[in-house]
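Chemist: Below: one structure in structure tokens.
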Amino acid sequence: MEKTDGQRLIESRRTIRMFTEGTIETKELYDLLASAHQAPFHNKIEPWNAYLFNGDGKEVLLDALEPAFTDGPEAKREKVAGRIRNAAACIYVTTKPFETEKDKKDALLATATFIQNFHLLCSERDIGLVWRTGGIFEDARLQEMIGADGETFVGLLQLGRFEDVPPTKRRQSIDSCLTIFE
Ligand SMILES: Cc1cc2nc3c(=O)[nH]c(=O)nc-3n(C[C@H](O)[C@H](O)[C@H](O)COP(=O)(O)O)c2cc1C
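Sequential numbering of the sequence shown, starting at 9, is according to the working numbering.
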């Protein structure tokens, strides 16, 4: 069976962690986020929120991380801040607060599809992206400073232009995960 464009896009998507110099227009990211926003969701409202820090805007994120940096070892500050500076832009993605466990779970699942939509769209336009989930980003003071208090952190997406593509993380055959009844 010949592969479709969609199959090729999904199979060629990579996580990119090292970025080269180069900016990304806020308008371009906005348009890709608007398309990713068509992700499925089962809550009454779209469950995700996204906070975009582009270019100099990343200083707002770094300032918001300052209390957590101050509490931790200097090496952590260097590593986390270095990665944020290396990226052209960062997007802090959360789920909105929901009451029930069911709604919270649906919100998380839907938000993951929003992120994957966005990752695929970035990949199509040669924008590199890594989805990071480090615990430092759950810091309540950071969330308050960017206006995400009470929300659940899902990922910090770091984006940028890139040259090197890391080797593909090997997947087992789908046969190891699939049971077919026919
Ligand atoms: C929920 C989730 C959390 C992740 N968290 C991190 C992370 O904290 N740091 C990181 O470097 N990569 C993170 N990744 C990226 C994975 O390591 C990456 O997807 C995996 O190595 C497979 O590589 P690929 O995306 O190129 O196929 C995360 C991915 C997912 C889906």
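Virtual Cβ for every residue (Gly too), placed ideally from N, Cα, C.
#1: Would you kindly report the start and end of the unbroken alpha helix (DSSP H) that includes glycine 14?
#2: According to the neighbour-count rule (16 or more other Cβ atoms, all chains shown, within 10 Å of its Cβ), is alanine 148 buried or exposed?
#3: I believe glycine 168 touches phenylalanine 27 by the beta-carbon criterion, under 8 Å. Please report the beta-carbon distance rounded to the nearest angstrom.
#4: Where do the N-terminal and C-terminal ends of the beta strand (DSSP E) with asparagine 51 fall, by residue?
#5: I need the straight-line Cα distance from leucine 41 to phenylalanine 126, nearest angstrom please.
#6: So, with DSSP's three-state summary, where would you put leucine 69?
#7: Per DSSP, which residues does alanine 97 bridge with? Please list them.
#8: Can you tell me which of Lys177, Gln151, Leu73, Ile53 puts its alpha carbon nearest to the alpha carbon of glycine 90?
#9: How would the residue list near ligand 1 read, in chain order, if you kept each one whose beta-carbon is closer than 6 Å to any heavy atom?
#10: Apply the 10 Å Cβ neighbour rule to proline 55 and answer buried if 16 or more other Cβ atoms are within range, or exposed otherwise.
Modeler: Quick answer:
#1: Per DSSP, glycine 14 belongs to the alpha helix (DSSP H) from 13-20.
#2: By the Cβ-count criterion, alanine 148 is exposed, with fewer than 16 other Cβ atoms from all chains shown falling within 10 Å of its own Cβ.
#3: Confirmed, about 3 Å.
#4: For asparagine 51, no beta strand (DSSP E) run applies, since DSSP gives it neither H nor E.
#5: About 6 Å.
#6: DSSP, reduced to helix, strand and coil, places leucine 69 within a helical segment of the structure shown.
#7: Partner(s): Asn62, Leu167.
#8: When each option's Cα is compared against that of glycine 90, the closest is Leu73.
#9: Listed by chain position, these are Arg22, Thr23, Arg25, Val138, Trp139, Arg140, Thr141, Gly142, Lys177.
#10: Around the Cβ of proline 55, a 10 Å sphere holds 16 or more other Cβ atoms; the residue is buried.
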